[in-house]
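First the structure, in the form of structure tokens, and then the observations on it.
2 protein chains.
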Amino acid sequence: TPAGTGSGPGVGMDCCVIPLRHGGLSLVQTTDFFYPLVEDPYMMGRIACANVLSDLYAMGITECDNMLMLLSVSQKMNEKDRERVMPLMIRGFRDAAEEGGTSVTGGQTVINPWIIVGGVASVVCQPNEFIMPDGAVPGDVLVLTKPLGTQVAVNAHQWLDQPERWNKIKLVITKEEVKEAYQEAMFSMATLNRTAAGLMHKFQAHAATDVTGFGLLGHANNLAAQQRNEVAFVIHNLPILAKMAAISKACGNLFNLVQGTSAETSGGLLVCLPREQAAKFCSEMKSQSGNAGGQGPAGGAWIIGIVEKGDRRARIIDKPRIIEVPPRGSQAANQDNNSPAPSPNLS
Amino acid sequence: TPAGTGSGPGVGMDCCVIPLRHGGLSLVQTTDFFYPLVEDPYMMGRIACANVLSDLYAMGITECDNMLMLLSVSQKMNEKDRERVMPLMIRGFRDAAEEGGTSVTGGQTVINPWIIVGGVASVVCQPNEFIMPDGAVPGDVLVLTKPLGTQVAVNAHQWLDQPERWNKIKLVITKEEVKEAYQEAMFSMATLNRTAAGLMHKFQAHAATDVTGFGLLGHANNLAAQQRNEVAFVIHNLPILAKMAAISKACGNLFNLVQGTSAETSGGLLVCLPREQAAKFCSEMKSQSGNAGGQGPAGGAWIIGIVEKGDRRARIIDKPRIIEVPPRGSQAANQDNNSPAPSPNLS
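Residue numbers (UniProt numbering), protein chains in the order written: chain F, 1 to 347; chain R, 1 to 347.
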């Protein structure tokens, strides 16, 4: 969430950073709420929590002092469904918060036509605990820590029951593959960006943001616009959930996935790293994949572009290299084809 | 807002209080969001902000380090109405935040069938900046800082256009009086409880809460239940917006106003004060009425009951004294009949 309604500090950043009256400390906080997009209430709760915390992680903050939960129960659900669904969603949210080393101690619940789930994450930091997202320099390398294509996967999954939609894409993907991709997207969205946040410090990241509603290019543009130096972000590679690029193409670029503007939910971090650190960052992300952190083979990170001198904008090159990211556990995932091999463009 | 979804510290309190990793400081925060209840979008924004901040004020906290705004725009509004209404609501929220000495630096906006407005208030405090709401002792006096009856006033105002509803109450109130009461309720709900929060320190308040959705008795019960000592709250007097008790009676106690369970929005603080301080607290509240703080004659405060030894519950005596609080600016308001004259019950 760029701090949308904000003025002053928060604007354009994922969080607002408020200098406190007490010894050099800052209050960093963010809020986010939206509507369910996966069918599993427990996973939806995890995704909502991961999405809220992601704004802190994008600033290299690995700790969170408190979370509040924002919920609305749908007036259109009967009592039985409410009692089945809402506790699971709350539990998923709490479990993800616990995985992030924090807890939910407050919140507000209302009745609404639609279900809403979201929250607030707050932390009080010393200056060395967060990385202001404005330090990119020419020569930096851009890294992305989750594959793109979550929106396409979620929609394709809904289309399994919509023949005229399904007919558009059935030539490029099987129902089985759609289900796999949907599962993969769900786990990816539910994965905390906390590991990446920690590694941002270890490898001296210069700036980062998280990729959500505006898509990779939208958030890359926001990040570029905030830089102190006159830089431009040039994106050469697009790591995308397997087959999602083909689906996007098959329905006439409905999603603009390859154009970089397909919305993501709880996407990865886009991180600007010193050139000599990027490969190490990626391999450490990969080696920590499949840990308690919850990142499977789809975790890890990919070098996607470079920082040049420029006018504080981001662009994707013509014909970017598509890196197909296979579902975790699949044959392909166990080969090494999602390693951060620098593309020709970078060598 | 009792921290509804909370566990641990926050529960039952208006805010959650999180001990921080840094030198004895605590993060105190609260969130609240709901649906518009008055027609004026600017005033609705002020009311929403006053309602969020009220949870901090109830702990004697007068400063707020940051606010986030939570908004939803109704999908049912046309573009023109959205552009007229939402900026006014945001402006009202921001203006009230500024009056509270804080500012809004972040938030989230979504599209929803219904308009939602609310926010998050956060502050990092030293221990002496807040008053834990658990220190009431037998002999304390209960003070209320805003009159009751906001829900009745808002509903009566809607009934002006609903003949069969209006016919039920037209014998006890004129349309003019309903409009006056509605205005009065609106200003009362938009008034910050910040003055009261400051005076809680000056007069050594032992505990407080703010009166909102559960009504006076509901919140009095919540507060009584949290007390360290075995105390009971006994309420003798009910300060109520003029004529609202009559309306509530006329429609068969639809609201249970005199029973103490009529919902309030952004109501006053219910404060437990040492007996010898209560009258001074009230007269200082009254003398600060009509200041920049925004409290007119309806501001001030009323002694409404006492704290006895008991089983941590609250009750309203049989046949409580109704204190009719006239609209500001009215003849009656300029007389002294809303002064905190202790009732016979207290002498």
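In this text, a Cβ means the ideal position worked out from N, Cα and C, and glycines have one as well. As the structure is a computational prediction, the values presented were derived from the model and not from experiment.
What is the DSSP secondary structure of residue i, reduced to helix, strand or coil?
i: V137(F); result: coil
i: L241(R); result: strand
i: H219(F); result: helix
i: I90(R); result: helix
i: L144(F); result: strand
i: C49(F); result: helix
i: A181(F); result: helix
i: T174(R); result: coil
i: H157(R); result: helix
i: G293(F); result: With a pLDDT of only 41 at G293(F), under 50, the local geometry of the prediction cannot be trusted, and the value read off the model is given with reservation. DSSP places G293(F) in coil when its eight states are reduced to three.
i: H236(F); result: strand
i: K76(R); result: coil
i: M59(F); result: coil
i: A298(F); result: In this prediction, A298(F) has a pLDDT of 46, which is less than 50 and means its spatial position is unreliable; what the coordinates show is noted afterwards. DSSP places A298(F) in coil when its eight states are reduced to three.
i: N253(R); result: coil
i: T195(R); result: helix
i: L20(F); result: coil
i: M285(F); result: helix
i: E264(R); result: coil
Just how far apart, CA to CA, sit residue i and residue j?
i: V38(R); j: L68(F); result: 27 Å
i: A182(R); j: R315(R); result: A small fix is needed here, since residue 182(R) is Tyr in this sequence, not Ala. If you take the alpha carbons of Y182(R) and R315(R), they lie about 28 Å apart.
i: A153(R); j: H219(R); result: 20 Å
i: E176(F); j: A156(F); result: 11 Å
i: D311(F); j: S122(R); result: 37 Å
i: A245(R); j: V211(R); result: 17 Å
i: L273(R); j: N128(F); result: 44 Å
i: C125(F); j: H236(F); result: 35 Å
i: N51(R); j: S289(F); result: 45 Å
i: G198(F); j: L192(F); result: 12 Å
i: T174(R); j: M186(R); result: 18 Å
i: S262(R); j: L148(R); result: 8 Å
i: E284(F); j: T105(R); result: 35 Å
i: A301(R); j: C282(R); result: 5 Å
i: T265(R); j: S74(F); result: 22 Å
i: Q227(R); j: M200(F); result: 46 Å
i: S188(R); j: I303(F); result: 57 Å
Determine whether the Cβ of residue i lies closer than 8 Å to any Cβ atom of chain R.
i: S289(F); result: no
i: G300(F); result: no
i: H22(F); result: yes
i: G106(F); result: yes
i: D32(F); result: yes
i: N128(F); result: no
i: N66(F); result: yes
i: S122(F); result: yes
i: I61(F); result: no
i: Q29(F); result: yes
i: V110(F); result: yes
i: L53(F); result: no
i: C16(F); result: yes
i: L70(F); result: yes
Could you check if residue i is buried or exposed, using at least 16 other CB atoms within 10 Å of its CB as the buried criterion?
i: E230(F); result: exposed
i: G6(R); result: Bear in mind that the predicted position of G6(R) carries a pLDDT of just 32, short of 50, making it unreliable; the figure below should be weighed with that in mind. Answer is buried; the Cβ neighbour count reaches 16.
i: L171(R); result: exposed
i: K80(R); result: exposed
i: G139(F); result: exposed
i: P19(R); result: exposed
i: A225(F); result: exposed
i: S248(F); result: buried
i: P133(F); result: buried
i: residue 391(F); result: The structure shown does not extend to residue 391(F), since chain F is modelled only from 1 to 347, so the question has no answer here.
i: I317(R); result: exposed
Counting only beta-carbon separations shorter than 8 Å, does residue i have a partner in chain F?
i: V154(R); result: no
i: N237(R); result: no
i: W114(R); result: yes
i: C49(R); result: no
i: V38(R); result: no
i: L223(R); result: no
Taking Cβ positions, are residue i and residue j nearer each other than 8 Å?
i: H239(F); j: L144(F); result: Sequence check: residue 239(F) is Pro here, not His. Yes, they are a contact pair.
i: V117(F); j: M77(F); result: no
i: T31(F); j: V110(F); result: no
i: G305(R); j: G260(R); result: no
i: A208(F); j: G60(F); result: yes
When the cut-off is 8 Å and only beta carbons count, does residue i lie next to chain A?
i: L25(F); result: The structure shown has no chain A; the protein chains it does contain are F and R.
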